[in-house]
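344 is the number of the first residue of the sequence shown in my numbering; add one for each residue after it. For glycine and all other residues, C-beta sits at the position ideal for the given N, C-alpha and C. Because the structure is a prediction, the values reported are computed rather than measured. Here's the structure we're looking at; comments come further down.
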Amino acid sequence: MLRKGNLFVISGPSGAGKGTIIREVLKSTQEIEISVSVTTRESRRGEVEGVNYYFKSREDFEKMAEEGGFLEYARVYDHYYGTPKEPVLKALDRGENIILEIDIQGALQVKKSYPEAIFVFILPPSMAELRQRIVSRGSETEEALKLRFASALEEISYIEKYDYYIINDTLTASARCLEAVIMAERCRIKKDVTELIENFKEELE
Ligand code: 5GP
């Protein structure tokens, strides 16, 4: 019996450590793959096309959006970000678990179009720590930094729309929490359990 994969949507303020936690989980499990988003923002040092993002022009992004190529997309801090639809839906059909690391606007869109997704919110241990993490990245202009920090509180107010939250105090503990969520969801009873029972019955006949 081929079980459909689970779609995990991970959000949280910039600097909360979503990416680091996800990378840590990916190191220790074959259970999950990350969806690579399309963005119109410039690539940062060390980022690789097709690994971190697909970097596209505004025109190409808009064309893809018009053609219905995104599962969700949103404007985040002056740039567009979107999740390519087809590769994600196909992977789920093949039984693979997929992670989307996307902002709250995008997550709310996924909640509408793919309600069976599992929503996980990553919180920083404190706002002071969050500020420290954003500053130490050093990749933002002063203005962009202010914008990101101001958005953080607003973003946190959406936490109740999510199924799980993880306070990212230490990386190891947070990664373990996310792995636990992935495992728990694998064991959740869904419609396809009827097929499983049917198979058991058939075996006995
Ligand atoms: P960054 O520019 O730091 O890589 O990402 C900025 C924000 O965009 C983060 O909150 C990240 O989660 C979000 N983001 C990245 N990819 C996507 C996407 O495909 N869709 C949406 N809605 N947000 C995204």
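{"Query": "In the DSSP output, which residue or residues are listed as bridge partners for I353?", "Result": "E444 and V463"}
{"Query": "Mind reading off the beta-carbon distance from E444 to K361? Whole number of angstroms is fine, and I expect it under 8 Å.", "Result": "5 Å"}
{"Query": "Taking DSSP as the reference, what is the three-state secondary structure of I324?", "Result": "The chain is shown from 344 up to 548; residue 324 falls before or after that span and cannot be answered."}
{"Query": "Determine the DSSP secondary structure at A493, reduced to helix, strand or coil.", "Result": "helix"}
{"Query": "Quick one: grab the DSSP three-state call for A450.", "Result": "helix"}
{"Query": "So the alpha helix (DSSP H) V536 belongs to, where does it begin and stop?", "Result": "V536 to L547"}
{"Query": "Compare the Cα-Cα distances from A434 to each of Q448, T383, S400 and I377 and report the closest residue.", "Result": "I377"}
{"Query": "With DSSP run on the structure shown, which of helix, strand or coil describes I509?", "Result": "strand"}
{"Query": "Is A417 near the ligand 5GP, with its Cβ less than 7 Å from a heavy atom?", "Result": "yes"}
{"Query": "When you compare only the Cα positions, how much space is there between L414 and S479?", "Result": "32 Å"}
{"Query": "To the nearest angstrom, how far is the alpha carbon of E367 from that of G393?", "Result": "19 Å"}
{"Query": "Closer than 7 Å to a non-hydrogen atom of the ligand 5GP - does that hold for the CB of I445?", "Result": "yes"}
{"Query": "Please identify the residue among V524, E541, L547 and N395 whose C-alpha is closest to the C-alpha of F462.", "Result": "V524"}
{"Query": "Buried or exposed for M470, please, with buried defined as at least 16 other CB atoms from any protein chain shown within 10 angstroms of its CB.", "Result": "exposed"}
{"Query": "For the ligand 5GP, is there any heavy atom lying closer than 7 Å to the beta carbon of Y397?", "Result": "no"}
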